[in-house]
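Numbering (the UniProt record's numbering), first residue to last: 1 to 216.
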């Protein structure tokens with residue numbers, strides 16, 4: 001952060017607010033903190049930039065990143081995303097399977113091109129910066145603010161569906177190991193389905209993850 005201009009998207013700013021706030025970044029030596037927006041600009045006298053996104057570097061925010069860097073005098077860029085590199089791989093090549101180093105190399109090459117000098121420095125990191133912890137017992141996820149939490153009353157429905165699918169899978173003659181893996185995948189899909197079904201209020205999602213520890 002030292003001597004860097006720091007750019008964050010709104011959800012990353014929300015997480016920062018609950019984890020030390022802007023003073024923690026300024027105390028680390030940052031020259032300024034700005035929103036990750038095409039309407040902002042990197043100060044001309046700044047040579048280092050830190051860019052933090054709560055989502056994958058893809059589409060609109062990747063275009064914003066390009067605009068900010070091309071219109072700057074940056075020589076050192078640190079690119080941070082909360083999304084796993086497999087998500088970037090999916091956007092770039094249509095599959096989650098692959099070498100994560102390919103994603104890092106692709107972003108590095110793009111940023112070096114935007115800076116205009118292949119001898120400049122780029123660092124790319126994937127950190128799970130999408131959660132905040134007001135207390136020891138709670139986890140808030142700003143990016144899931146439109147989703148209501150799953151409650152204890154929802155577990156009955158999920159377990160019934162899991163049992164139903166398990167019977168179908170076992171009857172198909174799959175091996176026990178295969179069934180276990182498939183069951184977990186199905187369970188995850190059911191959780192997502194149930195969460196989408198319950199999504200009707202704009203609230204920050206509070207997850208009680210202990211009930212799902214075995215499956216994750």
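From the three backbone atoms N, C-alpha and C, an ideal C-beta is built for every residue, glycine too.
- Looking at the backbone, the Cα of residue 9 and that of residue 122 are separated by about 20 Å.
- Under the 10 Å beta carbon count, residue 7 is surrounded by 16 or more other beta carbons and is classified as buried.
- Cβ-Cβ separation between residue 12 and residue 112: approximately 23 Å, too far for a contact (criterion under 8 Å).
- For residue 49, the uninterrupted beta strand (DSSP E) run begins and ends at 48-53, by DSSP.
- As computed with DSSP, residue 34 is found in a beta bridge with 7.
- Shown here, residue 130 sits in coil according to DSSP, grouped into three states, outside any helix or strand.
- Between the segment 74-86 and the segment 26-36 there are fewer than three C-beta pairs closer than 8 Å, too few to call the two in contact.
- Residue ranges of uninterrupted alpha helix (DSSP H) with 4 or more members, entirely inside the segment 43-105 and ordered along the chain, are 60-70 and 85-93.
- C-alpha of residue 85 to C-alpha of residue 62: approximately 14 Å in a straight line.
- Residue 101 sits exposed, since fewer than 16 C-beta atoms from the chains shown fall within 10 Å of its C-beta.
- A distance of 8 Å or more separates the beta carbons of residue 57 and residue 134.
- Taking the Cα positions, residue 148 is about 11 Å away from residue 141.
- A buried status is given to residue 49, since no fewer than 16 other beta-carbon atoms sit within 10 Å of its beta-carbon.
- Here residue 68 really is in contact with residue 42; their C-beta atoms are around 6 Å apart, less than 8 Å.
- Between residue 82 and residue 127 a beta carbon distance of about 7 Å is seen, short of the 8 Å cut, so the two are scored as contacting.
- For the options 97, 157 and 124, the alpha carbon positioned closest to that of residue 110 is the one of 124.
- If you draw a 10 Å sphere on the C-beta of residue 93, you find fewer than 16 other C-beta atoms in it, and that means exposed.
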